[in-house]
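Heads up: the structure comes next, in structure tokens.
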Amino acid sequence: MSKALKCANNGDTCLIKHDDDVDCDSATFVFDDRRQGQQRIKVRLTEVVDQQKLTPEDHEYALVISMPSGKFAKIIKNQSSF
């Protein structure tokens, strides 16, 4: 995931999409820059061995986070070191 986020520039909008019906083993990152247009990156997710333990309850959350994409990339990079 951190490799996909390296494609982002400060000021870009990042949309992370996952569609359960189409391709459940990947996520799509859409980076939008008003000057350069959109860039789409499809990232393959790792296989979960015991999916029943990791299944979250069915809740819908409405959330919008605004932060520079460089800061978000740093957070993800730090998370990947664990």
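The sequence shown maps to residues 12 to 93 in the numbering used here.
For every residue, glycine included, the Cβ atom is placed at its ideal position computed from N, Cα and C.
| task | May I ask you to report which of helix, strand or coil DSSP gives residue 47? | result | Position 36 of the sequence shown, counting from 1, holds the residue named residue 47. Residue state, collapsed to three classes: coil.
| query | Just how far apart, CA to CA, sit residue 26 and residue 90? | reply | Position 15 of the sequence shown, counted from the first residue, corresponds to residue 26. Position 79 of the sequence shown, counted from the first residue, corresponds to residue 90. Taking the straight line joining both Cα atoms gives about 19 Å.
| field | Reduced DSSP category for residue 28 - H, G, I as helix; E, B as strand; rest coil | value | By 1-based counting over the sequence shown, the position of residue 28 is 17. Looking at residue 28 - three-state DSSP - the assignment turns out to be strand.
| With distances taken from CA atoms, which of 19, 14 and 30 is nearest residue 81? | One-based indexing of the sequence shown puts residue 81 at position 70. The shortest C-alpha separation from residue 81 is found at 19.
| field | Spatially closest choice to residue 12 from 54, 83 and 71, by CA coordinates | value | Position 1 of the sequence shown, counted from the first residue, corresponds to residue 12. Nearest C-alpha to residue 12: 54.
| said: Relative to the C-alpha of residue 43, which candidate in 31, 51 and 36 has its C-alpha closest? | reply: Mapped onto the sequence shown, residue 43 falls at position 32. Among 31, 51 and 36, the Cα nearest to that of residue 43 belongs to 51.
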